[in-house]
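What follows is one structure encoded as structure tokens, with my remarks underneath.
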Amino acid sequence: MYLVTEQKTLQFAMRTRDDKLASINIPLYLPDTGLPNEAYVSTCCALWKRSIVIDDVYQETRFDLSGTRSFDAQNGYRSVSMLTVPMLLADGAVVGVLQFINHMDPDTGAIIPFAQDLVTLVEALAAHAAIALDNLNLIEERKAFMESLIHTIATAIDAKSPYTGRHSERVPALALMLAEAAHAMAEGPLAQFSFKTDDEWHEFRVGAWLHDCGKITTPEHIIDKATKLEMIYNRIHEIRMRFEVLLRDAEIARLKQVAAGGNAQEADAAYAARAQQLGDDFAFIAQCNLGSETMDQAQLKRIEQIGAQGWMRHFDDRLGLAHEELLTRQATAAPTLPARESLLADLPHHLIPRGAGDVPDPRFGFKVDVPPHLYNHGEIYNLAVTRGTLNAEDRYKINEHMIHGIMMLERMPFPKSLQRVPEYAGTHHETLLGTGYPRRLGAQDLSIPARIMAIADIFEALTSSDRPYKTAKKFSEALNILYRLKKNGHIDADLFDLFLTSGVHLKYAEKYLAQEQRDDVDIRAYVGPVSP
Ligand SMILES: [Fe+2]
Ligand SMILES: [Fe+2]
43 MYLVTEQKTL
53 QFAMRTRDDK
63 LASINIPLYL
73 PDTGLPNEAY
83 VSTCCALWKR
93 SIVIDDVYQE
103 TRFDLSGTRS
113 FDAQNGYRSV
123 SMLTVPMLLA
133 DGAVVGVLQF
143 INHMDPDTGA
153 IIPFAQDLVT
163 LVEALAAHAA
173 IALDNLNLIE
183 ERKAFMESLI
193 HTIATAIDAK
203 SPYTGRHSER
213 VPALALMLAE
223 AAHAMAEGPL
233 AQFSFKTDDE
243 WHEFRVGAWL
253 HDCGKITTPE
263 HIIDKATKLE
273 MIYNRIHEIR
283 MRFEVLLRDA
293 EIARLKQVAA
303 GGNAQEADAA
313 YAARAQQLGD
323 DFAFIAQCNL
333 GSETMDQAQL
343 KRIEQIGAQG
353 WMRHFDDRLG
363 LAHEELLTRQ
373 ATAAPTLPAR
383 ESLLADLPHH
393 LIPRGAGDVP
403 DPRFGFKVDV
413 PPHLYNHGEI
423 YNLAVTRGTL
433 NAEDRYKINE
443 HMIHGIMMLE
453 RMPFPKSLQR
463 VPEYAGTHHE
473 TLLGTGYPRR
483 LGAQDLSIPA
493 RIMAIADIFE
503 ALTSSDRPYK
513 TAKKFSEALN
523 ILYRLKKNGH
533 IDADLFDLFL
543 TSGVHLKYAE
553 KYLAQEQRDD
563 VDIRAYVGPV
573 SP
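Numbering (our numbering), first residue to last: 43 to 574.
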């Protein structure tokens, strides 16, 4: 059998003899002139789209049969009769050519010519074969198309944030390594697990590639919220400017006091004290903005105290606002100017209402606590975030990638062989304790592949920088955190142990972790039953 390739050649593709396939690739059109290549039986059959019957190869003068003859010479064979049939589709396209050599008389075994009735039968068979081949090609094309679509989505998500880097690509790599290790287990708690077919592996791979597909909906300024006051830009500059105003107010007060004949020394001392205090206060607020340390009660109180100081606003703060933003201000009457403003404040226009479309669809069974507002830009509210830079609304927005991801995937008409993609993709933030999101599933709901996904996702996130204010963790630190999750029952203990005992942790580190991250780890402390 020869197949027509995309380069318009006939490629020798299959033969009935089981010796090695000769690599034959004959152009259907001559490379120098572009004219049809009519020297060979096979190419003529494909070009003319009709069967060619030859009764004796060695008497044949119409075609170049030197290839057949040299094959005979090498193999001690003798080609006599030959039937060459095109594989035609209904639209007239040729997908290949079937060639039969040496028709044998069923009674005597003698080589005889191919009779016309046989030619008709073989032509019908070739047409069937052409359809089957065409269907197979369509399926393969579709698979390749889908695969590339999935990679495009994953790459687009990774491109959204420089911090998450190549998460969508690395999680499947790690998940597959761990799945292969689990699949290979013949005994122990994971002996029962296996992917039985190529389709099942493919299904898992697709699920892993799409695990964060919902992140396509997450705004970048939330994914990468690097400081507490950041919205699209870091609002610390706006607040610093208010401190500048207060400092100038202090300077003006000093000058006025002196101008009015007051004690210059006293005025200087008051100014110096105020300048010192403003400097300290701003440094404190700026430090809080970083979110690099946890906040205690005393610090929260200090933010409020600093924020309560006033400054006078002389300009209309409703000028230059776009329609939407103006609406948020019009709920309250504009104060007369100059108006007293707080140094830091939580104001009504900082609250962005949650619309009907921002609430999860109840049909999907999500169990999440939805914050009342879509966003809260309150200055004190954000500075008071006790850990990291994300407030409750931001955190929900980030977690929402699972809600959007699951809704996208569960609505997609996956073929039967990919039915479990939504499950594999949609469970990596669930825990065996039932404390995860977005469905608070428990151990009974989480399959081995789902548990593998959770470990792969956490480990990748820990060993990449993941958040703008975080540096990538050392190998040992990440394993230690994962071990704590094993100890408290968040993740599957057997899979975590296998991650270490199989050496997958080292294989992954070697391939994906920076040299400076890869410190020594003694896995003996982590493997085996945990003491209560
Ligand atoms: Fe995720
Ligand atoms: Fe992820």
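Using N, Cα and C, we set each Cβ at its ideal position, and we do this for glycine too.
When you compare only the Cα positions, how much space is there between residue i and residue j?
i, j, result
"Pro-395", "Pro-413", "10 Å"
"Leu-271", "Lys-553", "37 Å"
"Ile-154", "Phe-142", "12 Å"
"Leu-361", "Ala-295", "29 Å"
"Ala-314", "Ala-292", "9 Å"
"Phe-235", "Ala-492", "12 Å"
"Leu-42", "Phe-237", "Any property of residue 42 remains undetermined from this structure, which presents the chain solely from 43 to 574."
"Glu-335", "Thr-370", "33 Å"
"Gly-118", "Asp-147", "21 Å"
"Pro-404", "Arg-284", "45 Å"
"Leu-288", "Arg-282", "10 Å"
"Arg-344", "Thr-260", "33 Å"
"Ser-518", "Gln-318", "44 Å"
"Leu-140", "Met-43", "5 Å"
"His-356", "Leu-389", "18 Å"
"Glu-280", "Gly-349", "14 Å"
"Leu-77", "Tyr-71", "5 Å"
"Glu-80", "Cys-255", "53 Å"
"Ala-171", "Asp-114", "27 Å"
"Lys-257", "Leu-385", "36 Å"
"Glu-48", "Asn-177", "16 Å"
"Leu-521", "Glu-558", "15 Å"
"Gly-570", "Leu-527", "14 Å"
"Ile-96", "Asn-144", "10 Å"
Quick one, are the C-beta atoms of residue i and residue j less than 8 Å apart?
i, j, result
"Met-495", "Tyr-525", "no"
"His-419", "Met-273", "yes"
"Leu-475", "His-532", "yes"
"Pro-231", "Asp-536", "yes"
"His-193", "Asp-200", "no"
"Ile-445", "Pro-402", "yes"
"Asp-358", "Leu-379", "yes"
"Met-129", "Ala-168", "yes"
"Val-83", "Phe-105", "yes"
"Leu-542", "Ile-565", "yes"
"Leu-216", "Glu-502", "yes"
"Val-546", "Glu-245", "no"
"Arg-316", "Lys-409", "no"
"Leu-220", "Ile-523", "no"
"Val-99", "Met-124", "yes"
"Leu-131", "Ala-88", "no"
"Ala-426", "Leu-320", "no"
"Leu-175", "Val-136", "no"
"Leu-432", "Lys-267", "yes"
"Leu-416", "Asp-400", "yes"
Any idea if residue i is buried or exposed, counting beta-carbon neighbours within 10 angstroms, 16 or more meaning buried?
i, result
"Ala-186", "exposed"
"Pro-377", "exposed"
"Ile-181", "exposed"
"Ala-228", "exposed"
"Pro-480", "buried"
"Leu-555", "buried"
"Ser-190", "exposed"
"Gly-407", "exposed"
"Tyr-438", "buried"
"Gly-303", "exposed"
"Thr-473", "buried"
"Gly-151", "exposed"
"Ser-506", "buried"
Using DSSP's beta-bridge definition, name the partner residues of residue i.
i, result
"Pro-78", "Tyr-71"
"Phe-54", "Tyr-44"
"Pro-395", "His-415"
"Pro-128", "Val-139"
"Arg-382", "Met-354"
"His-145", "Ile-154"
"Ile-96", "Met-124"
"Asn-522", "Asn-522 is not bridged to any residue."
My understanding is that residue i touches residue j, with C-beta atoms under 8 Å, so please give their C-beta distance in whole angstroms.
i, j, result
"Lys-529", "Val-572", "5 Å"
"Arg-382", "Met-337", "So it is not a contact: roughly 27 Å between Cβ atoms."
"Arg-247", "Pro-214", "6 Å"
"Glu-211", "Ala-196", "6 Å"
"Ile-173", "Thr-126", "Wrong, their Cβ atoms sit about 19 Å apart, outside the cutoff."
"Leu-332", "Thr-269", "6 Å"
"Ile-448", "Gly-468", "4 Å"
Shorter than 8 Å from the beta carbon of residue i to some beta carbon of chain D?
i, result
"Asp-98", "Note that chain D does not occur in the displayed structure, where there is just one protein chain."
Taking 7 Å as the cut-off, is the C-beta of residue i nearer than that to any heavy atom in ligand 3?
i, result
"Met-450", "Ligand 3 is not part of the structure shown, which contains ligand 1 and ligand 2 as its ligands."
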